[in-house]
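Participant:
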Amino acid sequence: MKKIITALTLFCIISVVISCAKRQNSTLDFPKLSMAMDSNPDSVYNVLTDFSGKLSPDDYPLYCFLLVQSIDKTYRHIDTDTLINVAIEYYKHTPDSSLLSKIYYCAGRVYEEMENYPKSIYYYLKSIDNISIDVDFYDTFLIYYYLGNIYSKQELFDEALWAQKKAYQFAELYEDSFAINQALYSLSFAYQDIGKRDSALLCLKYIVANNDSSLMATVYNNIANIYYNDSCYDEALKYIHRSIDWQNTPEEFFYNDVLLGQLYLGKLNADSAILCFEKSKKSDNLYTSVTSYLGLGEAYELKGKYDMSIKYYKKAMLYKDSLEQNEKRIEVLRLDKIYKTEKIKEENYILRLSQLKRKQIAYGFIALLFLSIGVFVWVYYKMKLEREAKIKKQMIILNQEKTRCYQLELERLQRENDVLELKEREVRLRDAFFLRLNSLCFPFLSVAEENSHRIKISEQNWKDIIDNVNSTFDNFTVRLKDRYPLLSEDDIRFCCLLKMRLSLEVLIQIYCIQKQSINKKKERIKKEKLGIDDNRILDEIICSFR
Numbered sequence: 001m002k003k004i005i006t007a008l009t010l011f012c013i014i015s016v017v018i019s020c021a022k023r024q025n026s027t028l029d030f031p032k033l034s035m036a037m038d039s040n041p042d043s044v045y046n047v048l049t050d051f052s053g054k055l056s057p058d059d060y061p062l063y064c065f066l067l068v069q070s071i072d073k074t075y076r077h078i079d080t081d082t083l084i085n086v087a088i089e090y091y092k093h094t095p096d097s098s099l100l101s102k103i104y105y106c107a108g109r110v111y112e113e114m115e116n117y118p119k120s121i122y123y124y125l126k127s128i129d130n131i132s133i134d135v136d137f138y139d140t141f142l143i144y145y146y147l148g149n150i151y152s153k154q155e156l157f158d159e160a161l162w163a164q165k166k167a168y169q170f171a172e173l174y175e176d177s178f179a180i181n182q183a184l185y186s187l188s189f190a191y192q193d194i195g196k197r198d199s200a201l202l203c204l205k206y207i208v209a210n211n212d213s214s215l216m217a218t219v220y221n222n223i224a225n226i227y228y229n230d231s232c233y234d235e236a237l238k239y240i241h242r243s244i245d246w247q248n249t250p251e252e253f254f255y256n257d258v259l260l261g262q263l264y265l266g267k268l269n270a271d272s273a274i275l276c277f278e279k280s281k282k283s284d285n286l287y288t289s290v291t292s293y294l295g296l297g298e299a300y301e302l303k304g305k306y307d308m309s310i311k312y313y314k315k316a317m318l319y320k321d322s323l324e325q326n327e328k329r330i331e332v333l334r335l336d337k338i339y340k341t342e343k344i345k346e347e348n349y350i351l352r353l354s355q356l357k358r359k360q361i362a363y364g365f366i367a368l369l370f371l372s373i374g375v376f377v378w379v380y381y382k383m384k385l386e387r388e389a390k391i392k393k394q395m396i397i398l399n400q401e402k403t404r405c406y407q408l409e410l411e412r413l414q415r416e417n418d419v420l421e422l423k424e425r426e427v428r429l430r431d432a433f434f435l436r437l438n439s440l441c442f443p444f445l446s447v448a449e450e451n452s453h454r455i456k457i458s459e460q461n462w463k464d465i466i467d468n469v470n471s472t473f474d475n476f477t478v479r480l481k482d483r484y485p486l487l488s489e490d491d492i493r494f495c496c497l498l499k500m501r502l503s504l505e506v507l508i509q510i511y512c513i514q515k516q517s518i519n520k521k522k523e524r525i526k527k528e529k530l531g532i533d534d535n536r537i538l539d540e541i542i543c544s545f546r
């Protein structure tokens, strides 16, 4: 009997502990979370996403709003308006205008993330309409700031100027230098959009006076752009050189080179412009590359080298086509995302209507014939539940299969990418090793570039050169001979020297002939021995032959 009582007591204690633990995890301290939102948004986000308890119908809308707010403040991406719509629907008639203003602001941020700009503008304006008397200056600054940016994207320039002026006013009231500088920066663009460059310059120079290191590089570049557009090239050049001291990333340096190149073109200094554009064309940014190639084409045209000018103009057109295709693809993806979102909403609405209609029919049928067909109703609901369970199970299996296929595809793509990277690295290492090997084995070839005396290569040297080339490039001479059987021994040796990437001066010293003879020799081998008749030179053909 004592054992039974002891077991029951332990069971009761364990049940109480488990019940308390569950109760502790079943509630959220919403006032505390709201107070911590500005100082620790990451912590608030983690608490909300980790919460697994049940919420009442009155708490769930507040939970949705705080979750969206924490996502926005932690700069996470959100691509659905489901959560914020729950909060809007619940609080749209609340007398708390301050809370409603914040909810509408979050809705504006959500639709801005979803690139639905008309709806975003609508909710930002609703947020402004509900700003309370005890206004938070920083929150109001953010509303006008983001509203102005969207107006600019929609090319509503007068409205953008109005919004950015209001943003600047509230940033001044908030007395925060970062907010003030951000407002001035956006205000300068708003002035530029309506052609008021003097006002834009004034805004940018205020930022310079505030000495905000995070904006100095871009501010100096924008000042230079304004002076450039006004043909004040010396002033523009001065500010571009100032911005160089504040650059942090390679892309910023490339952008600086583009600006410098354009300035030198404006001053008709083609040589300096070419140097700048040659640097900036190495950028990974397509816009920078297109501008660089266009600048090179214009610079060579200015020098009268029309063949080079046409070459770079063609490259610019190729990059421009790629850029347009990329922009079209992005636009298609954006429209597809909007379409899918709207389609899901429509399907959910139709589903709710369908479910409501079925319930009404079922309830009416049961009310009229409950006594006579009770068994039928029981069978019907049993079959319905089984069918829904079967569909749910099939959907789970289908989703699992889709997830597995997606993961397999990702793994395959990653493996292919790894293989490509390894191959590229192998080629680079092999080329570097080959150049280093040649400099060690044949130092007299490197020294020859600084001297003009004749270079005599012995038979042993030739043998070593061919051995090095074959060892490094997988029997290069054998494969070359198999591919092009008309090549003589002397041609093979000449191709090996080209594979070593020796300069034209060194080849002249080796063969003791003029530059034109070397070029003729290359052309003869290319056309007569290799049978190639395109725009490539023999050096490119040999170096690309793997």
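Just so it is clear: in the sequence shown, position 44 is 44 by UniProt numbering, and no numbers are missing.
Ideal placement from N, C-alpha and C gives every residue a C-beta, glycine not left out.
Three-state secondary structure (DSSP) at Thr-477?
Facilitator: helix
Participant: Round the Cβ separation of Val-44 and Asp-81 to the nearest angstrom and send it over; I've been treating them as touching at under 8 Å.
Facilitator: The Cβ separation is near 21 Å, so there is no contact.
Participant: Does the region 138 to 147 come close enough to the region 90 to 108 that 3 or more CB-CB pairs lie under 8 Å?
Facilitator: yes
Participant: Touching or not, the region 472 to 488 and the region 526 to 545, by the rule of three or more beta carbon pairs under 8 Å?
Facilitator: yes
Participant: Using the Cα positions of Ser-177 and Leu-184, report the straight-line distance between them to the nearest angstrom.
Facilitator: 10 Å
Participant: When DSSP labels each residue in this structure, what does Lys-267 get in the three-state scheme?
Facilitator: coil
Participant: Tell me where the alpha helix (DSSP H) around Ile-103 begins and ends.
Facilitator: 97 to 113
Participant: Could you tell me how far apart the beta carbons of Gly-261 and Gly-295 are, in whole angstroms, since I believe they sit closer than 8 Å?
Facilitator: 5 Å
Participant: Please determine, among Lys-92, Asp-96, Met-37 and Tyr-144, the residue with the shortest C-alpha to C-alpha distance to Leu-67.
Facilitator: Met-37
Participant: Please report the straight-line C-alpha distance between Met-395 and Lys-402, rounded to a whole angstrom.
Facilitator: 10 Å
Participant: Between which two residues does the alpha helix (DSSP H) harbouring Ile-84 extend?
Facilitator: Looking at the DSSP string, the run of the alpha helix (DSSP H) that includes Ile-84 is 82 to 91.
Participant: Hey, would you say Tyr-319 sits closer than 9 Å to Leu-286, going by beta carbons?
Facilitator: yes
Participant: Thinking Ala-190 and Gln-154 are a contact (beta carbons under 8 Å), I'd like their distance in whole angstroms, please.
Facilitator: By a beta-carbon distance limit of 8 Å, Ala-190 does not contact Gln-154. Their separation comes to about 13 Å.
Participant: Tell me where the alpha helix (DSSP H) around Tyr-146 begins and ends.
Facilitator: 137 to 153
Participant: Using only alpha-carbon positions, find the residue among Asp-58, Arg-358 and Ser-199 that is nearest to Thr-27.
Facilitator: Per the C-alpha coordinates, the member of Asp-58, Arg-358 and Ser-199 positioned closest to Thr-27 is Asp-58.
Participant: Give me the Cα-Cα distance between Tyr-60 and Ala-389, rounded to the nearest whole angstrom.
Facilitator: 27 Å
Participant: Check Met-500 in the structure and name its three-state DSSP category.
Facilitator: coil
Participant: Closest by CA to residue 548, which one among Asp-307, Gly-304 and Met-317?
Facilitator: Since the displayed the chain opens at 1 and closes at 546, residue 548 lies outside it and no answer follows.
Participant: Along the chain, where does the alpha helix (DSSP H) containing Glu-172 start, and where does it finish?
Facilitator: 157 to 174
Participant: Ordered along the chain, which non-local residues of its own chain (more than five positions away) have a Cβ less than 7 Å from that of Lys-303?
Facilitator: Around Lys-303: Ala-270.
Participant: What number of angstroms, rounded off, separates the C-alpha of Gly-374 from the C-alpha of Ile-366?
Facilitator: 8 Å
Participant: If you scan the region 36 to 60 from start to end, which runs of the alpha helix (DSSP H) of 4 or more residues do you find wholly inside it?
Facilitator: Whole alpha helix (DSSP H) segments, 4+ residues: 41 to 50.
Participant: Roughly how many angstroms separate the alpha carbons of Cys-203 and Leu-48, rounded to a whole number?
Facilitator: Rounded to whole angstroms, Cys-203 and Leu-48 show a C-alpha spacing of 41 Å.
Participant: Roughly how many angstroms separate the alpha carbons of Arg-242 and Ala-217, rounded to a whole number?
Facilitator: 8 Å
Participant: Tell me whether Lys-393 is buried or exposed, calling it buried when 16 or more other Cβ atoms sit within 10 Å of its Cβ.
Facilitator: Exposed is the call here.
Participant: In chain order, what residues of the same chain have a beta carbon less than 7 Å from the beta carbon of Tyr-90, not counting five sequence neighbours either side?
Facilitator: Pro-61
Participant: Kindly indicate which residue of Thr-288, Val-258 and Lys-456 has the alpha-carbon position closest to the one of Leu-275.
Facilitator: Val-258
Participant: In three-state DSSP terms, what is Gly-195?
Facilitator: coil
Participant: Within 10 angstroms of the Cβ of Glu-175, are there 16 or more other Cβ atoms? Answer buried if so, exposed if not.
Facilitator: exposed
Participant: Considering only the beta carbon of each residue, do Leu-99 and Ile-128 sit closer than 9 Å?
Facilitator: no
Participant: So Tyr-293 is in the alpha helix (DSSP H); what residue range does that whole segment cover?
Facilitator: It spans 286 to 303 - the alpha helix (DSSP H) in which Tyr-293 sits, taken as one unbroken run.
Participant: Assuming Asp-158 contacts Arg-197 (C-beta within less than 8 Å), just tell me the rounded distance between them.
Facilitator: Contact doesn't hold; Cβ gap of about 17 Å is too wide.
Participant: Is it buried or exposed for Glu-528, if we count other Cβ within 10 angstroms and need 16 for buried?
Facilitator: Of the other Cβ atoms in all chains shown, fewer than 16 fall within 10 Å of the Cβ of Glu-528; this residue is therefore exposed.
Participant: If I measure Cβ to Cβ from Lys-279 and keep anything under 6 Å in the same chain, skipping five residues before and after, which residues do I get?
Facilitator: Asp-257
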